[in-house]
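Colleague:
In my numbering, the protein residues as written are 251 to 685.
1. If you run the structure through DSSP and keep just helix, strand and coil, what is residue 409?
2. Name the residue from 452, 369 and 265 whose alpha carbon lies nearest to the alpha carbon of residue 357.
3. Check residue 467 in the structure and name its three-state DSSP category.
4. Could you tell me the distance, in whole angstroms, from the CA atom of residue 494 to the CA atom of residue 427?
5. Classify residue 521: buried if its beta carbon has 16 or more other beta carbons within 10 angstroms, exposed otherwise.
6. Just confirm the distance between the C-beta atoms of residue 561 and residue 330, as a whole number of angstroms; I'd bet it's less than 8 Å.
7. Quick check on the DSSP output: the alpha helix (DSSP H) that includes residue 348 runs from which residue to which?
8. So the candidates are 546, 440, 510 and 387; which of them puts its Cα closest to the Cα of residue 574?
9. Using a threshold of 8 Å, state whether the C-beta atoms of residue 282 and residue 361 are closer than that.
10. If I'm right that residue 618 touches residue 335 with Cβ under 8 Å, what's the distance once you round it to whole angstroms?
11. Take the Cβ of residue 363 as the centre, count every other Cβ of all protein chains shown within 10 Å, and call the residue buried at 16 or more, exposed below.
12. According to DSSP, simplified to helix, strand and coil, what is residue 378?
13. Find the nearest neighbour of residue 270 within the set 478, 512, 663 and 382, judged by alpha-carbon distance.
14. Starting from residue 575 and walking both ways along the alpha helix (DSSP H), at which residues does that stretch end?
15. Following the continuous alpha helix (DSSP H) through residue 311, name the residue where it begins and the one where it ends.
16. How far does the alpha helix (DSSP H) with residue 625 in it reach, from first residue to last?
17. Decide if residue 470 is buried, meaning its Cβ has at least 16 other Cβ atoms within 10 Å, or exposed.
18. Apart from the five residues just before and just after residue 480, which ones in its own chain have a Cβ nearer than 6 Å to its Cβ?
19. Compare the Cα-Cα distances from residue 391 to each of 540, 430 and 302 and report the closest residue.
20. Could you compute how far the alpha carbon of residue 485 sits from the alpha carbon of residue 668?
21. Looking at the secondary structure, which residues open and close the alpha helix (DSSP H) in which residue 372 lies?
22. Would you mind reading off the limits of the alpha helix (DSSP H) that contains residue 271?
23. How would you call residue 295, buried or exposed, if buried means at least 16 neighbouring beta carbons within 10 angstroms?
24. Can you say whether residue 467 is buried or exposed, counting buried as having 16 or more other CB atoms within 10 angstroms of its CB?
25. Run through DSSP, which three-state label would residue 430 get?
26. Pair every Cβ in the stretch 362-377 with every Cβ in the stretch 525-536, then say whether three or more of these pairs are closer than 8 Å.
27. Report all residues from its chain with a CB closer than 6 Å to the CB of residue 649; omit the five preceding and five following residues, and keep chain order.
28. How is the alpha helix (DSSP H) around residue 642 delimited, first residue to last?
29. Apart from the five residues on each side of it in sequence, which residues of its chain come closer than 7 Å, Cβ to Cβ, to residue 399?
30. Going along the chain, which residues of its own chain have a beta-carbon closer than 7 Å to the beta-carbon of residue 265, five neighbours each way excluded?
Given below as structure tokens:
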């Protein structure tokens, strides 16, 4: 693949637009649910887990900044790995990316149900939960079949809708923080920090998806690194302050909350605050899912269209609506099934494990491309030689080591399955080419 393949796309996205895109994808559901899980695992020292994850995501995003500055075509993570390591790595990355985001969508939908259940207990009933998930996935699926468009302007609007309730909670909540509740009596063990961070990291993933529009960014060599820095910095600051406010206001009871931020808002400024944060969380999660169900079926469509996967039907376009309708329906069906049988925490860990493997690929891609591609004027290069990519790869491997045996086996089995599919598809394609 060529590093800078020419595309018929308009480069209209600036730093604010791309930064907003990154923030919009990252702030989906995790921050509205995970503070309770973090508190259960680490108590008052939970903010340390955010800093640990923040350091890791900063190292990883520095790798993305360098590779994104060099490879400026549309595709993001998938394109970076394929460019550095070839078709097989690209095949694994593209399909694993598809499944990982599917798991993330299912986790977000379950988090949405949990948030609604805190305000309306009827959502705790299994039949209601399943029915709601069905309506969400297939409702968004059919809407996107009809041709819903989300531009950068909508992304900016969603970011404002997401951040305003969080900023309101921070500003009004900080004065009510009890220092006793955030006092760290003993530092957590490294094992404890690692196990909690593996789950928490779910709240940080997704920034790479915002880079899928690299082919439409103005002056990408400079604006991509700037946007990554602005986006990740904003997310980390908001996350740390939110955890401190939630822990400082609710104390030990934080660990028992299904909707921790909504309950924190209730304690800070009454039932109105609870409703504002509940609504904000619901809108945030729904916006995330709407974007995912709009964008991710296009990956399935492209894989089918390019004969990367052997199912040709997913590569068809609806004659009237001009959308990949079968790919959208297939993605919605798969998302609904996975969401119906899994819980938020289980799916979050699986999704995190899958995306960490791809982050590892990008970290290694930095090293590979430095040997195989000459740097051009204006390209961003991480200072410190190979320190950052090697360090980020090491931390990712440590995180992956914290997966349970069943989770690790599941990832390995899926990788073997994809390898078999790749070999079969390659043989079939070669045979058809010979014919």
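For glycine and all other residues, C-beta sits at the position ideal for the given N, C-alpha and C.
Treat the numbers as computed from the prediction; the structure is a model and nothing was measured.
Modeller: The relevant details are as follows:
1. The count along the chain shown starts at 1 and reaches residue 409 at position 159. Assignment of residue 409 by DSSP, reduced to helix, strand and coil, places it in the helix class.
2. Taking the first residue of the chain shown as 1, we reach residue 357 at position 107. Closest in C-alpha terms to residue 357, from the list 452, 369 and 265, comes 452.
3. Position 217 of the chain shown holds residue 467. The answer is strand: DSSP assigns residue 467 an E or B state.
4. In the chain shown, residue 494 corresponds to position 244, counting from 1. In the chain shown, residue 427 corresponds to position 177, counting from 1. If you take the alpha carbons of residue 494 and residue 427, they lie about 8 Å apart.
5. Your numbering for residue 521 matches position 271 in the chain shown. For residue 521, the number of other beta carbons within 10 angstroms of its own is below 16, and it is reported as exposed.
6. Position 311 of the chain shown, counting from 1, holds the residue named residue 561. Position 80 of the chain shown, counting from 1, holds the residue named residue 330. Cβ-Cβ separation between residue 561 and residue 330: approximately 25 Å, too far for a contact (criterion under 8 Å).
7. Along the chain shown, one-based indexing puts residue 348 at 98. First-last of the alpha helix (DSSP H) with residue 348: 337-369.
8. By 1-based counting over the chain shown, the position of residue 574 is 324. Taking residue 574 as reference, the option from 546, 440, 510 and 387 with the minimal CA-CA separation is 546.
9. Residue 282 sits at position 32 when you count from the first residue of the chain shown. Residue 361 sits at position 111 when you count from the first residue of the chain shown. Yes.
10. Taking the first residue of the chain shown as position 1, residue 618 is located at position 368. Taking the first residue of the chain shown as position 1, residue 335 is located at position 85. Right, their Cβ atoms sit about 7 Å apart.
11. Here residue 363 corresponds to residue number 113 of the chain shown, with the count starting at 1. Burial call: buried.
12. Translated into positions along the chain shown, residue 378 becomes position 128. Secondary structure of residue 378 (DSSP, three-state): helix.
13. Sequence index remark: in the chain shown, residue 270 carries index 20 (1-based). Measuring from the Cα of residue 270, the nearest candidate turns out to be 478.
14. As a working note, residue 575 is residue 325 in the chain shown. Segment 575-591, the alpha helix (DSSP H) holding residue 575.
15. The residue you call residue 311 lines up with position 61 of the chain shown. Where residue 311 is concerned, the enclosing alpha helix (DSSP H) stretches over 296-320.
16. As a working mapping, residue 625 is identified with position 375 in the chain shown. Per DSSP, residue 625 belongs to no alpha helix (DSSP H) and is neither H nor E.
17. As a working note, residue 470 is residue 220 in the chain shown. With 16 or more neighbouring CB atoms inside 10 Å of its own CB, residue 470 falls in the buried class.
18. Position 230 of the chain shown, counted from the first residue, corresponds to residue 480. Result list for residue 480: 269, in chain order.
19. Position 141 of the chain shown, counted from the start, is the residue given in the question as residue 391. The option with the nearest alpha carbon to residue 391 is 540.
20. As a working note, residue 485 is residue 235 in the chain shown. As a working note, residue 668 is residue 418 in the chain shown. Distance between the alpha carbons of residue 485 and residue 668 is about 34 Å.
21. Here residue 372 is taken as the residue at index 122 of the chain shown, counted from 1. From DSSP, residue 372 is part of no alpha helix (DSSP H); its letter is neither H nor E.
22. For the purposes of this step, residue 271 is taken as residue 21 along the chain shown, with counting starting at 1. In the DSSP assignment, residue 271 falls within the alpha helix (DSSP H) that extends over 265-276.
23. Taking the chain shown and counting its residues from 1, the one referred to as residue 295 is at position 45. Classification for residue 295: buried.
24. In the chain shown, the residue the question calls residue 467 occupies position 217. Buried is the call here.
25. For the purposes of this step, residue 430 is identified with residue 180 of the chain shown, where counting begins at 1. In this structure, residue 430 counts as coil in the three-state DSSP scheme.
26. Contact holds: three or more Cβ-Cβ distances are below 8 Å.
27. Reading the chain shown from its first residue, position 399 is the one you call residue 649. Excluding residues within five positions, the ones whose Cβ falls inside 6 Å are 448 and 606.
28. Sequence index remark: in the chain shown, residue 642 carries index 392 (1-based). That run of the alpha helix (DSSP H) goes 637-651.
29. Here residue 399 corresponds to residue number 149 of the chain shown, with the count starting at 1. Residue placement at residue 399 cannot be trusted, given a pLDDT of 45 that sits under 50; the coordinates are not used to answer.
30. Residue mapping note: residue 265 aligns to position 15 of the chain shown, counting from 1. Within the same chain, residue 265 has close Cβ partners 473, 476, 477 and 480.
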